[in-house]
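Engineer: This is the structure I want to talk about, given as structure tokens.
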Amino acid sequence: MRIYLIGYMYSGKTTIGHKLAQRLGYRWADLDQVLETTFHTTIPIFFKRYGEEAFRKIEQKLLHDTAQQDDIVISTGGGTPCHFDNMQWINHHGTSVYFDVSPETLLRRAAQSKKVRPVLAGMTADGRNEYIRQQLAARMPYYQKAQIVFPADDPDLDQLVQMLKPTV
3 MRIYLIGYMY SGKTTIGHKL AQRLGYRWAD LDQVLETTFH TTIPIFFKRY
53 GEEAFRKIEQ KLLHDTAQQD DIVISTGGGT PCHFDNMQWI NHHGTSVYFD
103 VSPETLLRRA AQSKKVRPVL AGMTADGRNE YIRQQLAARM PYYQKAQIVF
153 PADDPDLDQL VQMLKPTV
């Protein structure tokens, strides 16, 4: 079984994904971390050096590589389901879980995070608000194709495990 966690940045895919994998006795992988380890660089440096198109192609290859793994929880990047046929592929090769988080919660988490995402660096609070709301709206048609929608404003791991029971 493969469980793919999708959602916007700061939705909790990494934090909850790791805990979910432990609870299920599965392995856990974060696609962004896999890319950084594989290419010995950070996502922002990769973007700057090679551009988004190259990043998305590598991201898709790494996503497809997960088809060879079983009993794993995969935390995807926020944009992963929104490119190529990735969302359709995810749904065909595993169970997709959308971490549904309100813009207000995303903004609060972004403001409290020790790790500022490069795309938000230097933005005013109003700028972050507008950017997150617009990008979230643009990505929503992809996120809504998930097989399971998990309310993640105040995530409850027990609830997520119950939601996944029919599939694991």
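Numbers 3 to 170, taken from this note's numbering, label the letters of the sequence shown in order. Just so it is clear, CB atoms sit at the ideal spot from N, CA and C, and this is done for glycine as well. Fair warning: this is a prediction, and the values are worked out from it, not measured in the lab.
Hey, how far is the Cα of Gln136 from the Cα of Pro105?
Structural biologist: Counting only the Cα atoms, Pro105 lies some 10 Å from Gln136.
Engineer: Given that a residue counts as buried once 16 or more other Cβ atoms are within 10 Å of its Cβ, and exposed if not, what is Ile134?
Structural biologist: A residue is called buried when at least 16 other Cβ atoms come within 10 angstroms of its Cβ; Ile134 meets this threshold and is buried.
Engineer: Only counting runs of 4 or more residues, tell me where the alpha helix (DSSP H) segments fall wholly within the region 4-28, in order along the chain.
Structural biologist: The region 4-28 contains these whole alpha helix (DSSP H) runs: 15-26.
Engineer: Cα separation between Ile8 and Gly81?
Structural biologist: 9 Å
Engineer: For Pro153, which residues in the same chain have their Cβ closer than 7 Å to its Cβ, ignoring the five residues on either side in sequence?
Structural biologist: Excluding residues up to 5 positions away in sequence, Asp102 lie with their Cβ nearer than 7 Å to the Cβ of Pro153 in the same chain.
Engineer: Buried or exposed for Ser77, going by 16 or more other Cβ atoms inside 10 Å?
Structural biologist: buried
Engineer: Just the C-alpha distance for Asp87 and Gly27, rounded to the nearest angstrom, thanks.
Structural biologist: 29 Å
Engineer: Return the first residue and the last residue of the alpha helix (DSSP H) that Thr107 is part of.
Structural biologist: Pro105 to Gln114 is the extent of the alpha helix (DSSP H) around Thr107.
Engineer: What are the start and end residues of each continuous alpha helix (DSSP H) run of 4 or more residues lying completely inside the region 44-118, in chain order?
Structural biologist: 45-52, 54-67, 88-95 and 105-114
Engineer: Does DSSP put Asp155 in a helix, in a strand, or in coil?
Structural biologist: In this structure, Asp155 counts as coil in the three-state DSSP scheme.
Engineer: Comparing alpha-carbon positions, which option in Ala31, Gln70, Gly79 and His42 lies nearest Glu54?
Structural biologist: With distances taken between Cα atoms, Glu54 lies closest to Gly79.
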